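The numbers in the sequence shown follow full-length UniProt numbering, run straight up by one, and end at 698.
Note that beta-carbon positions come from the ideal geometry of N, C-alpha and C, so glycine has one too.
Computed from a predicted model, the values in this text were never measured in an experiment.
To keep things clear, I will list the structure first and then write my remarks on it.
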Amino acid sequence: MSQDTSASDPLPIRRLHESLINRIAAGEIIHRPASALKELLENSLDARATSIRVTVKDGGMKLLQIQDNGCGIRKADLPILAERFTTSKISSFSDLSRITTYGFRGEALASMSHVAHLSVVTKTNSDTCAWKAYYSDGLLVPPKPGLTPDPKPCAGNDGTIITIEDMFYNTPTRLSSLRSPSEEYARILDVITKYAVHNPKISFLCKKAGSPSPEISTSPVSDVSQGIRLLYGHSTAKELLHVEITSGNANDHIDDPEKWSAEAYCTNANFQGKKTILILFINHRLVESSAIKRAIESVYSGVLPKGAFPFVYLSIEIDPRSVDVNVHPTKREVLFLNEEAIIERISDVIQQNVVGQSQSRVFEYQTLLPGVSANSASRKGKKRERETEEDEIEIEEPPASATLVQSARSQHKVRTSLQDRTLESMLPVSNPSRSDGDDLSSKAARLGDIKESHCELTSIAELRQSIVKNTHHDLTDIIRKHTFVGIVDDIRCLSLIQHLTKLYLVNHAALAEEMFYQLALMQFGNYRRLRLDPPPSLRTLLKLAVDAESGTERSGLTKEEIVDRISRALVDRRDMLKEYFALDISDSGNVLTLPHLLREYTPDVNKLPTFVMRLGPQVDWKSETECFESFMRELAYFYSPAPLPDRGSTTQKSVIWQTEHVLFQGLRKFLVAPKSLLDNDIIQVANLPDLYRVFERC
């Protein structure tokens with residue numbers, strides 16, 4: 001019998017084809033759209049961008065586009081842009097020991113070109129036009145058959161636009177392993193949110209393709225805590241502790257490779273999240289560390305109750321010579337010297353701050369947010385777990401027949417008369433239209449009707465339809481039928497209102513801003529005019545605002561150049577501004593009129609310089625819909641009430657009177673409440689029947 005020995009013979013070793021090698025390498029770096037976005041965001045930050053815009057379709061699988069205003073890419077570098085191991089960050093292996101940029105391998109764009117259709121539009125400051133190039137498998141390709149693959153000139157601004165389409169179209173297994181578009185989009189938002197928190201002085205925007213409003217939109221702020229407040233909400237930001245940590249030898253030697261420092265914003269014992277949120281940056285690179293996460297969770301395990309978790313932002317800066325960033329294909333992890341000692345030192349300092357603060361722990365009474373009955377909420381809570389930090393609010397009205405069957409008990413009686421005393425009636429509040437000797441608790445102003453203007457522009461029709469689509473009807477009913485209780489925090493613009501047997505804490509500045517946006521949209525092209533006498537100079541207003549603005553040097557322009565640029569942008573468009581928005585600027589550059597959104601309400605003219613300055617960078621002048629929406633958002637922000645640091649002054653007393661008697665009356669009459677207000681701007685703080693139960697136990 002002959003024996004077949006071929007099965008035991010060694011298989012021949014072959015050299016893999018270059019395209020297969022690149023496809024395998026691409027799979028290690030680009031796991032999903034969010035990992036591609038992280039690489040692109042880091043490229044934009046390396047390019048010193050101050051504004052980053054992201055557009056997504058189908059969770060990034062159909063389209064992922066990132067636009068920045070960075071330094072751009074030279075035309076001469078475009079032919080090798082998407083080849084593997086082409087980079088401007090390092091030139092020798094020793095450079096890895098002092099790397100300070102995000103990227104260094106030169107593999108990200110190459111990987112994207114192997115698993116998606118990649119195109120780039122870029123312009124440097126010295127170029128006379130932008131250049132557009134298409135890539136496939138790391139090489140330039142023609143945009144259409146019959147054309148050359150060379151980059152083509154096109155219109156464009158300074159910076160770079162990178163577009164990725166049909167991700168994983170040639171790797172169906174990877175494509176099928178991805179989650180739903182909504183889950184992939186949530187991962188993208190998570191990446192952008194974390195980078196926006198760490199880079200508070202950079203403007204980030206993210207939206208779905210075709211959507212008129214962005215999911216994330218940030219303006220430059222002064223520090224990380226403000227970024228956390230903007231992106232994670234007031235409920236998280238108000239419980240933050242700021243902790244700074246340094247190595248013991250931080251000042252011993254100037255050139256010490258073991259020197260390090262850390263900054264943390266961590267929540268105190270009053271915050272109880274549903275899962276641990278750890279935003280970790282090491283040398284400004286977003287990374288993950290199971291060791292640091294375990295140490296943080298052990299700190300809070302003795303402070304928070306079971307099932308409650310903290311929010312921690314931690315930024316560690318270590319000498320680059322002590323960090324190895326080349327340990328993971330996606331740079332998601334790093335190694336650094338003295339890791340255990342550094343982690344122990346950081347966790348000890350955080351623990352000292354958290355435990356020290358928890359000795360005076362504050363407990364807040366808060367039931368379910370607007371109007372969910374306890375029984376129905378418990379049933380719904382058993383059906384689903386929510387990953388988000390805030391609960392979704394569902395409002396249920398009590399049965400209409402309940403009050404007809406029997407007389408109301410004490411705990412169900414509702415104050416409905418506006419003549420009853422409010423908090424403000426107990427304080428010296430002056431009515432600006434009356435003398436000091438008149439009744440302090442005067443009636444609310446009678447507001448005139450406002451009719452919707454006739455407009456045939458499709459963009460305005462879409463924006464108006466968007467308000468209808470995003471309406472939260474139960475919340476709107478609460479605002480329409482509420483009883484004003486009083487202003488409780490002048491600095492944070494917080495007030496109390498009552499609806500039925502429930503008491504709500506509302507951010508009246510946020511509600512007013514949404515109302516004024518809706519009034520601006522309703523009256524588009526047909527505004528009443530608020531005439532300024534004498535008319536101020538536009539350049540003078542801009543100079544006041546720019547002089548007061550911090551961080552203008554990062555733009556690379558002098559303050560005078562910034563004033564010139566914004567002034568020129570507004571003057572060039574003054575015909576459009578006058579026709580559509582009643583913002584009249586004279587030939588000599590004076591501001592003659594402003595749009596008057598609510599006849600009985602006067603905006604704070606102290607905000608006028610900031611308003612005209614923000615019209616330059618915050619309004620998207622290139623797209624009709626975005627232009628109209630962003631302008632009206634800025635107009636609404638100008639009209640919204642500002643914090644009142646000096647309550648005793650006569651001016652501030654008048655503002656308080658106007659807030660209670662005009663602003664809240666306007667909210668009742670005009671505001672169509674969107675769902676977004678439920679996130680951070682209205683919260684139920686008490687329910688009368690629940691309070692009775694508490695007192696009955698005493």
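Problem set entry | Limits of the beta strand (DSSP E) - the one that Thr-163 falls within | Looking at the DSSP string, the run of the beta strand (DSSP E) that includes Thr-163 is 159-165.
Problem set entry | Cross-strand partners of Phe-204 (DSSP beta bridge) | Note: Phe-204 sits in a beta bridge opposite Ile-52.
Exercise. Three-state secondary structure (DSSP) at Gly-616?
Worked result: coil
Exercise. Is DSSP giving His-472 helix, strand or coil here?
Worked result: Here DSSP, grouped into helix, strand and coil, assigns His-472 to coil.
Problem set entry | Straight-line Cα distance separating Asp-166 from Leu-677 | 35 Å
For this session: Please report how far the alpha carbon of Ala-36 lies from the alpha carbon of Glu-339, in whole angstroms.
Result: 29 Å
For this session: State buried or exposed for Gln-65, treating a residue as buried only when at least 16 other CB atoms are found within 10 Å of its CB.
Result: Result: buried.
Exercise. Beta carbon of Val-115, beta carbon of Asn-170: below 8 Å?
Worked result: yes
Exercise. Can you check whether the CB of Leu-40 is closer than 8 Å to the CB of Ile-162?
Worked result: Yes, the Cβ-Cβ distance between Ile-162 and Leu-40 is below 8 Å.
Exercise. For Glu-624, which residues from the same chain have a beta carbon less than 6 Å from its beta carbon, with the 5 sequence-adjacent residues on both sides left out?
Worked result: Ser-459
Exercise. In this structure, what does DSSP give as the bridge partners for Lys-502?
Worked result: His-499 and Asn-687
Problem set entry | 7 Å CB neighbourhood of Pro-151 in its chain, flanking five on each side removed | Lys-75, Leu-78, Trp-131, Lys-132 and Ala-133
Exercise. Can you tell me whether Ala-636 is buried or exposed, with buried defined as 16 or more other CB within 10 angstroms of its CB?
Worked result: buried
Problem set entry | Ordered list of beta strand (DSSP E) runs contained in the region 119-146, each at least 3 residues | 130-136 and 139-141
Exercise. For Tyr-169, does the three-state DSSP call read helix, strand or coil?
Worked result: coil
For this session: With DSSP as the reference, please indicate the residues paired to Ile-318 in a beta bridge.
Result: DSSP output for Ile-318 lists Trp-260 as bridge partner(s).
For this session: Please list, in chain order, all residues of the same chain as Glu-513 whose beta carbon is under 7 Å from its beta carbon, the five residues on each side excluded.
Result: The answer, listed in chain order, is Ala-636, Tyr-637 and Ser-640.
For this session: Under 8 Å by Cβ, that's how I've got Asn-69 and Gly-159 pegged, so tell me the actual separation to the nearest angstrom.
Result: 4 Å
Exercise. What are the boundary residues of the alpha helix (DSSP H) that Arg-531 is part of?
Worked result: Premise fails: Arg-531 lies in the beta strand (DSSP E), 528-531, not in any alpha helix (DSSP H).
For this session: Go ahead and label Thr-148 buried or exposed: buried means 16 or more other beta carbons lie within 10 angstroms of its beta carbon, across all protein chains shown.
Result: exposed
Exercise. Is it buried or exposed for residue 724, if we count other Cβ within 10 angstroms and need 16 for buried?
Worked result: The structure shown does not extend to residue 724, since the chain is modelled only from 1 to 698, so the question has no answer here.
For this session: Take Thr-267 as the anchor and find which of Ile-282, Lys-238 and Trp-260 has the nearest alpha-carbon.
Result: With distances taken between Cα atoms, Thr-267 lies closest to Lys-238.
Problem set entry | Ile-460 CB to nearest heavy atom of the ligand MG below 7 Å | This structure lacks the ligand MG; in fact it carries no ligand of any kind.
For this session: Decide if Val-563 is buried, meaning its Cβ has at least 16 other Cβ atoms within 10 Å, or exposed.
Result: For Val-563, the number of other beta carbons within 10 angstroms of its own is at least 16, and it is reported as buried.
For this session: Taking only the alpha-carbon atoms, compute the straight-line gap between Ser-495 and Gln-523 and give it to the nearest angstrom.
Result: In a straight line, the C-alpha of Ser-495 is about 28 Å away from that of Gln-523.
Problem set entry | Bounding residues of the alpha helix (DSSP H) (the contiguous stretch that carries Thr-602) | Counting along the chain, Thr-602 falls outside any alpha helix (DSSP H), and DSSP gives it neither H nor E.
Problem set entry | Among Tyr-527, Ser-550 and Thr-610, the one whose alpha carbon lies nearest that of Glu-452 | For Glu-452, the nearest C-alpha among the options comes from Tyr-527.
Problem set entry | Beta-carbon contacts of Ser-213 that lie in its chain and below 8 Å, excluding the five residues immediately before and after | Lys-207, Ser-466 and Glu-629
For this session: Would you mind working out which of Asp-348, Ser-290, Lys-144 and Arg-179 sits nearest Ala-34, comparing C-alpha positions?
Result: Arg-179
For this session: Report yes or no: is there a C-beta of chain B within less than 8 Å of the C-beta of Gln-226?
Result: This model lacks chain B altogether, as it is built from one protein chain only.
For this session: Check Asp-438 in the structure and name its three-state DSSP category.
Result: Confidence at Asp-438 is low in this model, with a pLDDT of 41, below 50, so its placement is unreliable and no value can be given for it.
For this session: Closer than 6 Å by C-beta to Ala-82: which residues in its own chain qualify, once you throw out the five before and the five after it? Chain order, please.
Result: Leu-109, Ala-110, Ser-113, Tyr-135 and Gly-138
For this session: Check whether the Cβ atoms of Ile-566 and Arg-574 sit closer than 8 Å, and answer yes or no.
Result: no
Problem set entry | Residues sharing a beta bridge with Val-243, DSSP | Ala-264
For this session: Please name the residue in Leu-521, Val-655 and Ala-569 whose C-alpha comes closest to that of Val-619.
Result: Ala-569
Exercise. Would you call Leu-11 buried or exposed, if buried means 16 or more other Cβ atoms sit within 10 Å of its Cβ?
Worked result: Within 10 angstroms of the beta-carbon of Leu-11 lie fewer than 16 other beta-carbons, which makes it exposed.
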